[in-house]
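Asks: These protein sequence lines are chains E and V, in that order. The first sequence begins at 3 in the working numbering and counts up by one. The second sequence begins at 3 in the working numbering and counts up by one. Every residue gets a Cβ at the ideal spot worked out from N, C-alpha and C, and that includes glycine. Quick caveat, the model's predicted, so the values are computed rather than measured.
Number of protein chains: 2
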Amino acid sequence: MGSYKNGVVGDQSGTSNGDAGGAAVDKGVDFANYFCTYAFLYHQKEMLSDRVRMDAYYNAVFKNTHHFHGKAVLDVGAGSGILAIWSAQAGARKVYAVEATSMAEHARAVVKANNLQDVVEVIEGSMEDVVLPEKVDVIISEWMGYFLLRESMFDSVICARDRWLKPTGVMYPSHATMWVAPIRTGLGDQKSNDYESSMDDWERFTDETKNYYGVDMSVLTKPFSQEQKKYYLQTSLWNNLHPHQVIGAAASIKEIDCLTASVSDILEVKSNFSSTVTLQNTRLCGYGGWFDVQFRGRKEDPAQEEVELTTAPSVNDGTHWGQQVFLLSPPARITEGDQLNGSFSMKRSKENHRLMEAEFSCEIRQQSGELVPPKLCQFDENQVLMVTFSFAVSHQRTSPSSAQASEEFLVNFSPASLSLASTPLLNTAAASGDLPVYSIENSDHATKKEIGLLHSSPGGENAIHLIPVILFLCGFVLWIFSHPTKL
Amino acid sequence: MGSYKNGVVGDQSGTSNGDAGGAAVDKGVDFANYFCTYAFLYHQKEMLSDRVRMDAYYNAVFKNTHHFHGKAVLDVGAGSGILAIWSAQAGARKVYAVEATSMAEHARAVVKANNLQDVVEVIEGSMEDVVLPEKVDVIISEWMGYFLLRESMFDSVICARDRWLKPTGVMYPSHATMWVAPIRTGLGDQKSNDYESSMDDWERFTDETKNYYGVDMSVLTKPFSQEQKKYYLQTSLWNNLHPHQVIGAAASIKEIDCLTASVSDILEVKSNFSSTVTLQNTRLCGYGGWFDVQFRGRKEDPAQEEVELTTAPSVNDGTHWGQQVFLLSPPARITEGDQLNGSFSMKRSKENHRLMEAEFSCEIRQQSGELVPPKLCQFDENQVLMVTFSFAVSHQRTSPSSAQASEEFLVNFSPASLSLASTPLLNTAAASGDLPVYSIENSDHATKKEIGLLHSSPGGENAIHLIPVILFLCGFVLWIFSHPTKL
C-alpha cells in the first residue's frame with residue numbers, strides 16, 4: 003500500500019462479480035488488490051520491454067497474418083494496446099481492445115498516434131461486462147501470470163471465448179503448459195538465515211519488552227515464528243534460474259488447450275511426476291516452476307508457422323516472469339541417478355482468488371540405498387525419504403510488492419539484462435518491485451553479499467594491481483644497485 | 003500486493019461503513035488497503051520497538067495512575083494489547099481493547115499470559131460496530147499516522163469518544179499539533195536524478211518499440227513524464243531529518259483538542275505560516291512535516307505529570323514516524339534573514355480516504371532584495387518569489403510499501419538506530435518497507451551512491467594506501483644508491 007497506489011483504487015461499488023471458483027469476488031477489493039497495478043505506464047513499459055515476450059507475440063501475429071487478414075479480433079486485457087495494434091497492422095478488419103483500467107485511455111491515444119483508430123476500438127471495462135457488436139475470429143491476450151495461473155486472468159479469457167469467439171475462431175495463444183524441475187539454489191540458505199535472524203531479533207524484543215515495559219510477549223513467539231517461517235521459507239520466490247541450477251529433467255504438470263479449457267479445469271492443478279537426478283553429489287534445494295505457451299492456431303485452421311513463448315531457465319532469454327522457486331528447507335543431499343517422485347497440487351487462495359497455494363511432496367529413491375536424511379522428513383520402511391513441503395505461490399506480476407519481497411529480486415543480479423530498454427541497476431532494483439530485473443543466478447551458493455563483491459570493482463580497487471609491479475621495480479632497482487661492481 | 007498480504011484480505015462483505023468525509027468507504031476495500039497490514043506480528047513488533055513511542059505512553063499511564071485506578075478504559079485499535087495491559091497494570095477496573103484485525107486473538111493471548119484476563123476484555127471488531135456494556139472514564143489510543151493524520155484513524159477515536167466516553171472522561175493523548183519547517187536535503191537532487199534517468203530510459207524504450215516492433219508509443223511520453231514526476235517529485239517522502247537540516251523556525255499548522263475535535267475539523271488542514279531563515283547561504287529544498295501529541299488529561303481533571311510525544315527531527319530520539327519531506331524541485335537559494343511566507347493545505351484523497359493530498363505555496367522575501375530565481379517559479383512585481391508546489395502525502399505507516407518507495411529508506415542509513423530490538427541493516431531494510439529504519443541524514447548533498455562509497459571499505463581497497471609508502475621506499479632506495487660516493 004505504498005504511495006504509488008494513491009488515487010487509483012477506482013470502482014468501489016462493492017458489487018459482486020463472477021464466481022472465480024466458489025468465493026464471491028468483490029469488485030472494489032479486486033481493483034484495490036489487482037487491477038490498479040496495471041493502470042501505471044511504468045508497469046506497462048516493463049512488460050513491453052520484455053523482448054522474449056514481445057518477440058513471441060510479434061512473430062505469432064506477423065508469421066500468421068492469414069489468421070488476421072480481414073478478420074475481427076478481440077484483445078482481452080489490452081493494456082497499452084500493442085497486441086491490438088499488431089493485429090490491425092496484420093490486416094484485421096476490426097479489433098476490439100478491452101481494458102479494465104484507465105490504461106484504456108492511453109491505449110486509445112497510441113492507437114490514434116499509429117493511425118489505426120478506424121480499425122481498433124478501445125473499450126474501457128471489465129471483460130465480463132463488455133458487449134461487442136459481433137463475434138470475433140481471433141482472441142488474442144497476454145493473460146499469463148507468474149507460474150502461468152497466478153492472477154487468474156485466464157478466467158476472463160475463457161469468459162470472452164465462450165461469449166464472443168466464433169465456432170471457427172482461433173485463440174492466441176492456443177496452448178499452455180506448466181513445468182516443474184528439481185533445482186539447487188543458494189536462496190534457501192539465505193532465507194533460512196533471514197528467518198533465524200528475525201527470530202533472534204524477536205527474542206531480544208520480548209526480553210526487552212518484559213524488562214523495560216513489564217509486559218511478557220513471549221506467548222507470541224510461536225505465532226511470530228509461524229508468520230516468519232511462512233514468509234521466508236514457505237512462500238515461493240521469483241528467480242531467474244540458470245539452466246545449470248536445474249538438476250533433473252523438467253516434468254509437465256498441466257497442459258491447457260485454450261480453445262476448450264473451462265474455469266473448473268484450472269481451479270486446481272494436481273499432478274504426480276518423477277525426475278531422475280542428473281548431477282553428481284548435489285543438493286535438492288527445492289523445485290522451480292515455469293510455463294510455456296504455444297501459438298498453433300486450431301486443428302482446422304492451423305498456424306502457418308508455430309511460435310512458442312517459453313519462460314524456462316535460460317542464459318540469454320530470461321523473461322519478466324522468471325521462474326517460481328519453491329524451497330525445500332533444509333535441502334536434501336542427492337546424487338546422479340537418484341529418483342525423485344513428486345506430487346504437486348495448487349489451488350486458489352480462499353482469501354484472494356488471484357493468489358495460489360501450492361503443495362509439493364517428494365519421495366527420494368536413492369540409487370545407493372544409503373540415506374542422508376534432511377531434518378523434518380519422515381521415513382518409511384523401504385528406505386524411502388519422504389519430503390513434504392507446502393508453499394503459497396507469491397509475487398503478482400508487475401505489482402509493487404512489499405519491500406521485504408523485493409529483496410528477492412536483488413539477490414542474484416547479473417549484467418545479463420535482456421531488457422529492451424535497459425535501466426541502471428539501482429533504478430531498476432529500487433523501482434520495479436516484482437518487475438523484470440532479469441537476475442540470473444550465477445553461483446549456487448553465492449549470497450547477495452558475495453555476488454556484490456564479485457561484481458563490484460570500484461576504480462580505486464584496481465590500483466592494487468600496481469603493487470606487484472612496483473614491488474618488482476623496487477626489487478629490480480635494488481638488484482641493479484646491489485651489483486655495482488658489474489657496472 | 004506482495005506475498006505478505008496473502009490470506010488476510012478478510013471481510014469482503016462489501017458493506018459500506020461510515021462517511022469519512024463524503025466518500026462512502028467500502029469495508030472490503032478498506033481491509034485490503036489498510037487493516038490487513040496491522041494483522042501481522044512483524045508490524046506490531048516494529049511499532050513496539052519504537053522506544054520514543056513506548057516511553058511516552060508508558061510514562062503517560064504510569065505517571066498518571068490516578069486517571070486509571072479503579073476506572074473503565076477503552077483502548078481503540080489495541081493491536082497486540084500493550085496499552086490495554088498497561089492500563090490494567092495501572093489499576094484500571096476494566097479495560098475494553100477493541101481491535102479490528104485478527105491481531106485481537108494474539109492480544110487475548112498476551113493478556114492471559116500477563117494474567118490480566120479478568121480486567122482486559124479484547125473485542126475483535128471495528129470500533130464503529132462495537133457495543134460496550136458501559137461508558138468509560140478513559141479512552142487510550144495510538145492512532146497517529148504519518149504526519150499525524152494519514153490513515154484517518156482518529157475518526158474511529160472520535161466515534162468511540164462520542165459514543166462511549168463519560169462526560170467527565172479523559173483522552174489519552176489529549177492534544178495533538180502538526181508542524182512544518184523549511185529544510186535542506188539531498189533527497190531532491192536524488193529524486194530529480196531518478197526522474198531524469200527514468201525519462202532517458204523511456205526515450206530509449208519508445209525508440210526501440212518503434213524501430214523493432216513498428217509501434218509509435220511516443221504519444222505517451224507526456225503522461226509517462228507526469229506519472230513519473232508525481233511519483234518521484236510530487237510524493238512526500240519518509241525521512242528522519244537531522245535537526246541541522248531544519249533551516250528556519252518550525253510553524254504550527256494545526257492544533258487538535260482530542261476531547262472536542264470533530265471529523266469535520268480534521269477533514270482538511272489549512273494554514274498560513276511564516277518562518278525566518280536561520281542559516282547563511284543555503285538552499286530551500288522543501289518542507290519537513292511532523293507532529294507532537296500531549297497527555298495533559300482534561301482541564302477539570304489534569305495530568306499529575308504531563309507527557310509529550312514528539313516526532314520532531316532529533317539526533318537521538320527518532321521515531322518510526324520520522325518526518326514527511328515535501329520536496330521543492332528545483333530548490334531555491336536562500337540565506338539568513340530571508341522570510342518564508344507559506345500556506346499549507348491538506349485534504350483526504352478522494353480515492354482513498356486514508357491517504358492525503360497536500361499543497362504548499364511559499365513566498366520568499368529576500369532581505370538582500372536580490373533574487374536567485376529557481377525554475378518553475380513565478381515572480382510578482384515586488385521582488386517576491388512565488389513558489390507553488392503540491393504533493394500527495396505518502397507512505398502508510400507500517401505498510402509493506404512498493405519496492406520503489408522503499409528505496410527512500412535505504413538512502414541515508416546510519417548506525418544511529420534507536421530500535422529497541424535492533425535488526426541487521428539488510429534485514430530491516432528489506433523487510434520493513436515503510437518501517438522504522440531510523441535513517442538520519444548525515445550529509446546534505448550526499449547521494450545514495452556517495453554514501454555507499456563513503457561507508458564501503460572492502461578489504462582490498464585499503465591496499466592502495468601502501469602505494470605511496472612503497473613509492474617512497476623506492477625513491478629512498480634510488481636516492482641512497484644515486485649517491486654512492488658519499489657511502
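Across which residues does DSSP place V:Ala-92 in a beta bridge pair?
Replies: In DSSP, V:Ala-92 forms no bridge with anything.
Asks: Give a yes or no on whether 7 Å exceeds the smallest Cβ distance from E:Met-348 to chain V.
Replies: It does not: the Cβ of E:Met-348 has no partner Cβ on chain V nearer than 7 Å.
Asks: Within the same chain, show all residues whose beta-carbon is closer than 6 Å to that of V:Met-155, passing over the 5 residues directly before and after it, in chain order.
Replies: If we look at V:Met-155 and ignore the five residues flanking it on each side, its Cβ neighbours are Trp-145.
Asks: For the region 83-103 of chain V, list every residue whose C-beta sits within 8 Å of some C-beta in chain E, in sequence order.
Replies: Those residues of the region 83-103 of chain V that come within reach of chain E (Cβ to Cβ, closer than 8 Å) are Ile-84, Ile-87, Trp-88, Gln-91.
Asks: Mark V:Leu-342 as exposed unless 16 or more other C-beta atoms lie within 10 angstroms of its C-beta, in which case mark it buried.
Replies: With 16 or more other Cβ atoms within 10 Å, it is buried.
Asks: Compare the Cα-Cα distances from V:Gln-228 to each of E:His-108, E:Ser-51, E:His-71, E:Leu-85 and report the closest residue.
Replies: The shortest C-alpha separation from V:Gln-228 is found at E:His-108.
Asks: From V:Gly-79 to V:Gln-119, what does the alpha carbon distance come to, in whole angstroms?
Replies: If I take the Cα positions, the gap works out to 18 Å.
Asks: Would you say E:Met-155 faces chain V, with C-beta separation under 7 Å as the test?
Replies: Judged by the 7 Å Cβ criterion, E:Met-155 is not in contact with chain V.
Asks: Considering only the alpha carbon of each residue, which of E:Asp-164, E:Gly-344, E:Asn-213 lies closest to E:Ala-263?
Replies: Residue E:Asp-164 is the option with its Cα nearest to E:Ala-263.
Asks: Please go through the same chain and pick out, in chain order, the residues whose beta-carbon is closer than 6 Å to the beta-carbon of E:Ser-273, but skip the five residues on each side of it.
Replies: Cβ neighbours of E:Ser-273 beyond the five flanking positions: Ile-255, Phe-346.
Asks: What is the rounded straight-line gap between the Cα of E:Gly-454 and the Cα of E:Gln-192?
Replies: Because E:Gly-454 carries a pLDDT of 31, less than 50, the predicted location of this residue cannot be relied on, and no value is offered for it.
Asks: Scan the region 200-223 of chain V for residues whose Cβ lies nearer than 8 Å to a Cβ of chain E and list them as they occur along the chain.
Replies: So the close ones are Ser-200, Asp-203, Trp-204, Arg-206, Phe-207, Glu-210, Thr-211, Tyr-214, Tyr-215, Gly-216, Val-217, Asp-218, Met-219, Ser-220, Val-221, Leu-222.
Asks: What does a CB cutoff of less than 7 Å around E:Lys-231 pick up in its chain, not counting 5 residues either side in sequence?
Replies: Same-chain partners within the cutoff: Tyr-197.
Asks: Runs of 3 residues minimum, wholly inside the region 273-327 of chain E: which ones carry the beta strand (DSSP E) assignment?
Replies: Listed in chain order, they are 284-300, 303-312.
Asks: What are the boundary residues of the beta strand (DSSP E) that includes E:Asn-241?
Replies: It spans 239-241 - the beta strand (DSSP E) in which E:Asn-241 sits, taken as one unbroken run.
Asks: Out of V:His-177, V:Arg-186, V:Met-358, which has the shortest C-alpha to C-alpha gap to V:Ala-334?
Replies: Cα-wise, what sits closest to V:Ala-334 is V:Arg-186.
Asks: Is the beta carbon of V:Ala-183 closer than 7 Å to that of V:Val-295?
Replies: Not a contact, by the Cβ cut-off of 7 Å.
Asks: Distance check for V:Trp-181 and V:Ala-253, CA to CA, integer angstroms please.
Replies: Straight-line Cα distance between these residues: approximately 5 Å.
Asks: Quick one: Cα of V:Asn-318 to Cα of E:Val-221, how far?
Replies: Their Cα atoms are separated by approximately 31 Å.
Asks: Please confirm if V:Phe-362 has its CB atom under 7 Å from at least one CB of chain E.
Replies: No, no contact with chain E.
Asks: Could you check whether E:Met-129 and E:Ser-89 sit closer than 7 Å to each other, using their CB atoms as the reference points?
Replies: Cβ atoms of E:Ser-89 and E:Met-129: not closer than 7 Å.
Asks: Tell me the DSSP secondary structure of V:Glu-257 in three-state form.
Replies: In this structure, V:Glu-257 counts as strand in the three-state DSSP scheme.
Asks: For E:Phe-226, which residues in the same chain have their Cβ closer than 7 Å to its Cβ, ignoring the five residues on either side in sequence?
Replies: Result list for E:Phe-226: Trp-204, in chain order.
Asks: Below 8 Å on the Cβ atoms is my guess for V:Val-112 versus E:Met-219; work out the distance and round it to an integer in Å.
Replies: About 6 Å; that satisfies the 8 Å criterion.
Asks: With distance defined between alpha-carbon atoms, name the residue in V:His-45, V:Tyr-215, V:Glu-153, V:Thr-321 nearest to V:Asn-241.
Replies: Closest option to V:Asn-241, Cα to Cα, is V:Thr-321.
Asks: Counting only runs that start and end within the region 117-170 of chain V, where is the beta strand (DSSP E) found for 3 or more residues in a row?
Replies: Segments of the beta strand (DSSP E) lying fully in the region 117-170 of chain V: 122-126, 138-143.
Asks: Thinking E:Pro-139 and E:Ala-41 are a contact (beta carbons under 8 Å), I'd like their distance in whole angstroms, please.
Replies: Reading off the sequence shown, one finds Asp at residue 139 of chain E, where the question assumed Pro. No, E:Asp-139 and E:Ala-41 are not in contact; Cβ-Cβ is about 29 Å, not under 8 Å.
Asks: Which chain V residues are close to E:Asn-231, counting only those with a beta carbon under 7 Å from its beta carbon?
Replies: One point to set straight first is that residue 231 of chain E is Lys, not Asn, in the sequence displayed. Neighbours of E:Lys-231 on chain V: none; closest Cβ ~12 Å, over 7 Å.
Asks: Which term fits V:Lys-114, buried or exposed, when burial requires 16 or more other beta carbons within 10 angstroms of its beta carbon?
Replies: With fewer than 16 Cβ atoms within 10 Å of its Cβ, V:Lys-114 is classed as exposed.
Asks: Looking only at its own chain, which residues have a Cβ that is under 6 Å from the Cβ of E:Ser-404, when we skip the five neighbours before and after it?
Replies: At E:Ser-404 the pLDDT is 31, less than 50, meaning the model places this residue with poor confidence and gives no usable figure here.
Asks: Counting only Cβ pairs nearer than 7 Å, list the residues of chain E close to V:His-108.
Replies: Under the 7 Å cutoff, chain E gives Leu-222, Pro-225.
Asks: What residues in the region 58-86 of chain V have a beta carbon less than 8 Å from any beta carbon of chain E?
Replies: Those residues of the region 58-86 of chain V that come within reach of chain E (Cβ to Cβ, closer than 8 Å) are Tyr-60, Ser-82, Ile-84.
Asks: Which first and last residues belong to the alpha helix (DSSP H) in which E:Gln-368 is found?
Replies: That residue, E:Gln-368, is in no alpha helix (DSSP H); it is neither H nor E in DSSP.
Asks: Please report how far the alpha carbon of V:Leu-330 lies from the alpha carbon of V:Lys-352, in whole angstroms.
Replies: If I take the Cα positions, the gap works out to 24 Å.
Asks: Step through the CB atoms of chain E and report whether any lies within less than 7 Å of the CB of V:Ala-41.
Replies: No, no contact with chain E.
Asks: So is E:Arg-2 buried or exposed if we call it buried at 16+ other beta carbons inside 10 Å?
Replies: The structure shown does not extend to residue 2 of chain E, since chain E is modelled only from 3 through 489, so no value can be given for it.
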